[in-house]
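112 is the number that the working numbering gives to position 107 of the sequence shown; each next residue is one higher, with no gaps. These notes concern the structure reproduced below.
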Amino acid sequence: MPIKICLFMIISLLGLGKVFAEPINSTPRAFLGEVEIVNDVVYFQALLPDIASIGCANTDAPFHWAFSLSSAEGPSLYRAILAAQSGNVQLAVTPAGDCAAASGVARPAAITLLKPKQ
């Protein structure tokens, strides 16, 4: 009898690991698409549902996000873009809520690199 109880507990704990491995309302993820740099503005594609909530963003634009390399966060955002290009990782983009770097293109406040879903 104790072996059955131990086996049941082990199987139950393994099952809980899958349940709690990722929250139900986890951050939307996307793979990095094309990247283009014009003057000091970096444009990139990463289609995420948050884009539609930004009033100034044109969802039909060829690029979804843009930021200035000369802004305070620009170099850090660019390093994240380079890391995403060099590896098989997904992005989570936190919108800044404006289109300050380029008209009609949403500006990211942060870019988080995530491991791909398995």
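All C-beta atoms, glycine included, are put in the ideal place defined by N, C-alpha and C.
In the assembly as shown, ARG84 is an exposed residue. Its beta-carbon has fewer than 16 other beta-carbons within 10 Å. Note on geometry: alpha-carbon atoms of PRO100 and ASN93 lie some 22 Å from one another. For ASN44, the closest C-alpha among the options CYS104, SER73, ALA97, ARG34 is that of SER73. With a beta-carbon spacing of about 14 Å, ALA106 and ILE56 fall beyond the 8 Å limit used to define contacts.
In the assembly as shown, PHE49 is a buried residue. Its beta-carbon has 16 or more other beta-carbons within 10 Å. Using a 10 angstroms sphere on the CB of PRO113, the tally of other CB atoms reaches 16 or more, which defines it as buried. Within the same chain, and ignoring the five residues on either side of GLN95 in sequence, the residues whose Cβ sits closer than 7 Å to its Cβ are ARG34, ALA35, PHE36, LEU119, PRO121. The DSSP assignment places complete alpha helix (DSSP H) segments of no fewer than 4 residues inside the segment 33-110 at 79-91, in order along the chain.
By the criterion of a C-beta distance shorter than 6 Å, GLU41 is surrounded in its chain by TYR48, once the five residues flanking it on both sides are discounted. Under the 10 Å beta carbon count, ALA62 is surrounded by 16 or more other beta carbons and is classified as buried.
ALA88 places its beta carbon 7 Å or farther from that of HIS69.
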